Amino acid sequence: LTQQGQVEDIYPLTPMQEGILFHSRFEQNPESYFVQYGFDIVGEFDQAAFKKALQQAVKRHDILRTSFHWDLSDRPLQVVHAEAELVVDEQDWQGPESVHSEKLVEYVVDQRRRGFDFESPSQLRVSLIRLEANRVRFTLHFHHILLDGWSGALLLGEVIAIYRALTHDANWFAGEAPQYRRYIEWLAGRDAAATACFWKRYLGGFAGMPAITSVGNRQQAPQVQTEEHLIGQEMTGRI
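My numbering numbers the first residue of the sequence shown as 3 and each following residue consecutively.
Encoded structure:
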C-alpha cells in the first residue's frame with residue numbers, strides 16, 4: 003500500500019461486495035463481473051476535455067479510487083487512495099467500417115480477458131477509439147464491485163455534464179459527493195435481527211426452490227454481438 007501513494011481511508015466491504023470478491027477470486031476468471039458500457043460520440047469532440055472530465059469524476063468519487071485486499075485483516079478491506087490515475091487507451095482506427103467493426107468485437111473481448119487487479123487503486127479504465135474523422139467509440143470498462151447499472155449510468159451523466167462545462171467555459175459543481183464510508187456505516191448500524199425478520203415475513207409462503215445452474219465451460223469464448231439501431235434526427239431531437 004505504501005508504494006501506491008497516500009491512503010485516504012480503509013473500511014470493510016459491503017456484503018454484496020464481499021460476495022462479488024469471493025466469486026471473482028474463486029472462479030479465477032477475469033471476465034467475472036466485468037462490465038462494459040460503450041457508445042459512439044459523433045460530431046465535434048474535444049478528447050482532451052473529455053479525459054479531464056473523466057479524471058475529475060475519479061477524483062470526486064472515492065469508490066473509483068479504491069483497491070480491495072483480503073490479506074490485511076480477518077475480513078476483506080477496501081482501501082481508498084488519495085489519487086488514482088485513470089487508464090485511457092486512445093487509438094486511431096480510421097478506415098472502412100467493415101474492418102474496424104470486427105476489430106471492435108475482438109477489442110472488447112480482449113479487454114474482458116485482461117480483467118482487473120483488485121489491489122490496484124483503480125478497477126476502471128476507458129477506451130477512446132477514433133473510427134472516423136467525426137466519430138469516436140467510447141467504452142467504459144469496470145468491475146461490478148465498484149458500480150451497478152444504476153450508478154454506472156449516473157457516473158456517465160456526471161462525466162458528460164463536466165465535459166459540457168469544460169468545453170463551454172462554464173462552472174460545474176454539484177456539491178460534495180457522498181462518501182462510500184457513510185453507506186458502510188449505515189449498513190453496520192442496521193439491526194440484523196430486524197432485517198432477517200423482515201425478509202422472513204416478505205418471503206413467507208414462497209414454496210419455489212432456487213435453481214442452481216452449472217457454471218459451464220469457463221474456457222468457452224463469450225458470444226459477442228453488435229447491434230445498431232438508427233432512430234433519426236427527429237427522434238434524436240425529441241429525446
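C-beta: ideal position from N, C-alpha, C; glycine also. Only a predicted model underlies this, so the values are computations on that prediction, with no experimental measurement involved.
Check: Residue burial classification, residue 172 (beta-carbon count within 10 angstroms, cutoff 16); Outcome: exposed
Check: Contiguous alpha helix (DSSP H) assignments of at least 4 residues, all confined to the segment 120-190; Outcome: 151-169 and 182-190
Check: For residue 76 and residue 142, the rounded distance between their alpha carbons; Outcome: 33 angstroms
Check: Candidates 203, 95 and 102, of which the one nearest residue 228 by Cα; Outcome: 102
Check: Residues that DSSP places opposite residue 83 in a beta bridge; Outcome: 9
Check: Cβ neighbour criterion (16 or more within 10 Å) applied to residue 59; Outcome: buried
Check: Integer-rounded CB distance, given that residue 111 should sit under 8 angstroms from residue 226; Outcome: 6 angstroms
Check: Contact set for residue 219: own chain, Cβ-Cβ below 6 angstroms, skip 5 residues either direction; Outcome: The predicted position of residue 219 is uncertain, since its pLDDT is 49 and thus under 50; no value can be drawn from it.
Check: Contact under 8 angstroms by Cβ, residue 83 with residue 178; Outcome: no
Check: C-alpha distance - residue 241 paired with residue 183, whole-angstrom precision; Outcome: 36 angstroms
Check: Residue 112 in three-state terms, based on DSSP; Outcome: helix
Check: Boundaries of the beta strand (DSSP E) in which residue 40 is found, first to last residue; Outcome: 36-44
Check: Bounding residues of the alpha helix (DSSP H) (the contiguous stretch that carries residue 20); Outcome: 17-29
Check: Straight-line Cα distance separating residue 54 from residue 94; Outcome: 19 angstroms
Check: Residue range of the alpha helix (DSSP H) that includes residue 197; Outcome: 194-204
Check: Residue nearest to residue 109 in terms of C-alpha spacing, selected from 89, 118, 131 and 34; Outcome: 131
Check: Backbone CA spacing between residue 175 and residue 208 [nearest angstrom]; Outcome: 47 angstroms
Check: Cβ pair residue 126, residue 144 closer than 8 angstroms; Outcome: yes
Check: Selection from 205, 232, 40 and 29 that minimises the alpha carbon distance to residue 107; Outcome: 40
Check: Beta-bridge partners of residue 225, as assigned by DSSP; Outcome: Residue 225 is not bridged to any residue.
Check: C-alpha gap between residue 22 and residue 150, whole angstroms; Outcome: 12 angstroms
Check: Pair within 8 angstroms by beta-carbon distance, residue 42 and residue 192; Outcome: no
Check: Boundaries (first-last residue) of the alpha helix (DSSP H) holding residue 52; Outcome: 49-62
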